[in-house]
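Novice:
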Amino acid sequence: MRAVVAAGTGGPEVLSVGEVADPTPGPGEVVVDVVATAVNRADTLQRQGFYPPPPGASEVIGLECSGRVSALGEGVEGWSVGDEVCALLAGGGYAERVAVPVGQVMPVPSGVSLVEAAALPEVAATVWSNVFMTAHLAKGERFLVHGGAGGIGTMAIQLAAARGAEVYATGGSPEKLELCRTLGATRAISYRDEDFVEVLEEAGGADVVLDNMGAKYLGRNVAALATGGRLVIIGMQGGAKGELDINALLRKRASVTATSLRARPRDEKAAICCGVVENVWPLVSSGQVRPIVENTMPLEDVARAHALMDEGGHSGKIVLTL
Numbered sequence: 001m002r003a004v005v006a007a008g009t010g011g012p013e014v015l016s017v018g019e020v021a022d023p024t025p026g027p028g029e030v031v032v033d034v035v036a037t038a039v040n041r042a043d044t045l046q047r048q049g050f051y052p053p054p055p056g057a058s059e060v061i062g063l064e065c066s067g068r069v070s071a072l073g074e075g076v077e078g079w080s081v082g083d084e085v086c087a088l089l090a091g092g093g094y095a096e097r098v099a100v101p102v103g104q105v106m107p108v109p110s111g112v113s114l115v116e117a118a119a120l121p122e123v124a125a126t127v128w129s130n131v132f133m134t135a136h137l138a139k140g141e142r143f144l145v146h147g148g149a150g151g152i153g154t155m156a157i158q159l160a161a162a163r164g165a166e167v168y169a170t171g172g173s174p175e176k177l178e179l180c181r182t183l184g185a186t187r188a189i190s191y192r193d194e195d196f197v198e199v200l201e202e203a204g205g206a207d208v209v210l211d212n213m214g215a216k217y218l219g220r221n222v223a224a225l226a227t228g229g230r231l232v233i234i235g236m237q238g239g240a241k242g243e244l245d246i247n248a249l250l251r252k253r254a255s256v257t258a259t260s261l262r263a264r265p266r267d268e269k270a271a272i273c274c275g276v277v278e279n280v281w282p283l284v285s286s287g288q289v290r291p292i293v294e295n296t297m298p299l300e301d302v303a304r305a306h307a308l309m310d311e312g313g314h315s316g317k318i319v320l321t322l
């Protein structure tokens with residue numbers, strides 16, 4: 001089958017489309033004929049050699065896809081060949097076919113095209129698991145997300161707003177700040193011209209912060225928390241090692257949690273996907289939450305897609321079609 005292959009590690013130029021062996025479904029797995037996949041920050045890290053797939057996962061890049069079921073493994077129930085689905089993956093999405101644990105296969109929300117659906121699994125699972133399952137964001141609480149115009153940020157703003165939170169989001173350009181407001185942010189904060197700590201302190205503090213920056217924002221995120229606030233770190237774009245003011249946490253009775261999604265056991269991923277289907281998909285089907293796709297291009301343009309991701313100027317998701 002056609003799949004993206006890497007000529008070593010490095011920049012986007014190491015990626016091209018070649019041929020690899022077709023997957024076969026193991027027990028409890030289905031094979032999906034891929035219609036589209038999406039580019040995530042983790043994909044660029046894998047390309048650079050910093051984020052290898054977990055043991056047993058496909059070496060092919062790609063953490064999500066949409067398509068049609070083409071084969072069922074032993075013991076699989078509830079799906080039939082031909083069903084249109086989207087799926088959360090540990091790897092393998094940049095290919096014509098991928099084997100997926102059945103618990104990570106989800107129906108395509110009504111009203112969403114099969115191509116758009118490729119942009120949903122990773123961001124929906126990330127936001128649902130971190131903001132709601134881990135941090136327990138509740139109606140009426142203040143929520144801060146960094147990089148509000150990105151893939152995770154656009155989902156986080158919409159989902160938190162739809163569930164009744166007061167949303168704050170950071171962004172770097174007027175266009176990105178306006179997108180955050182359009183999606184439901186009560187306050188869009190320019191990280192170039194404003195201090196998000198001051199904004200949140202004036203509002204009473206953030207009950208939940210979703211952060212992809214890591215070390216660079218650690219101290220300021222803690223400072224922005226309200227009493228009882230929860231900081232959830234899901235990335236290290238701003239470095240891996242920072243200084244944590246434990247006294248500030250104690251005074252605020254606050255918490256810091258760091259999580260990742262890719263290497264979790266199958267049963268944990270299945271529980272997350274079940275929560276997404278139950279709680280997120282109805283909001284997508286109703287139009288309250290929608291996939292934000294800025295660029296759609298063929299799989300053969302994978303190097304250009306990664307270059308766009310590296311540049312960081314895009315909003316929402318970049319989708320690759322097969």
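Counting with UniProt numbering, you get residues 1 to 322 for the letters of the sequence shown. From the three backbone atoms N, C-alpha and C, an ideal C-beta is built for every residue, glycine too. As the structure is a computational prediction, the values presented were derived from the model and not from experiment.
By the DSSP assignment, the alpha helix (DSSP H) with residue 113 in it spans what residues?
Specialist: It is not in any alpha helix (DSSP H) - residue 113 carries neither H nor E in the DSSP assignment.
Novice: With H, G and I counted as helix, E and B as strand and the rest as coil, what does DSSP make of residue 315?
Specialist: The answer is coil: DSSP assigns residue 315 none of H, G, I, E or B.
Novice: What first and last residue would you give for the beta strand (DSSP E) that runs through residue 143?
Specialist: Its beta strand (DSSP E) spans residues 142 to 145.
Novice: Under 7 Å, do residue 217 and residue 204 count as touching if we go by C-beta distance?
Specialist: Going by C-beta atoms, residue 217 is not nearer than 7 Å to residue 204.
Novice: May I ask you to list the residues that DSSP assigns as paired with residue 72?
Specialist: Residue 72 is bridged to 30.
Novice: Does the Cβ of residue 139 have 16 or more other Cβ atoms within 10 Å, making it buried, or fewer, making it exposed?
Specialist: Residue 139 should be labelled exposed.
Novice: Determine the direct distance from the alpha carbon of residue 306 to that of residue 46, and round the result to whole angstroms.
Specialist: Cα-Cα distance, rounded: 11 Å.
Novice: Going by other Cβ atoms of all chains shown within 10 Å of its Cβ, with 16 needed for buried, is residue 136 buried or exposed?
Specialist: Label assigned to residue 136: exposed.
Novice: With DSSP collapsed to three states, give me the class of residue 59.
Specialist: Coil at residue 59, not helix or strand.
Novice: What residue range is occupied by the uninterrupted alpha helix (DSSP H) comprising residue 126?
Specialist: Looking at the DSSP string, the run of the alpha helix (DSSP H) that includes residue 126 is 121 to 127.
Novice: Under the assumption that residue 168 contacts residue 183 (Cβ atoms under 8 Å), give the Cβ distance between them as a whole number of angstroms.
Specialist: Going by Cβ atoms, the distance from residue 168 to residue 183 rounds to 12 Å, so no, they are not a contact pair.
Novice: Could you work out which residue in 290, 8, 303 is closest to residue 154 when comparing CA atoms only?
Specialist: The option with the nearest alpha carbon to residue 154 is 290.
Novice: Tell me whether residue 138 counts as near the ligand COA, meaning its Cβ is closer than 6 Å to at least one heavy atom of that ligand.
Specialist: As presented, the structure is devoid of all ligands, the ligand COA included, so that no description of it is given.
Novice: Given 8 Å as the limit, is there contact between the stretch 308 to 320 and the stretch 31 to 38, that is, 3 or more CB pairs closer than that?
Specialist: Contact holds: three or more Cβ-Cβ distances are below 8 Å.
Novice: Could you pull out every residue in the same chain whose Cβ sits closer than 6 Å to the Cβ of residue 199, ignoring the five residues on either side in sequence?
Specialist: These residues qualify, in order along the chain: 189.
Novice: Using three-state DSSP, classify residue 186 as helix, strand or coil.
Specialist: Residue 186 falls in the coil class under three-state DSSP.
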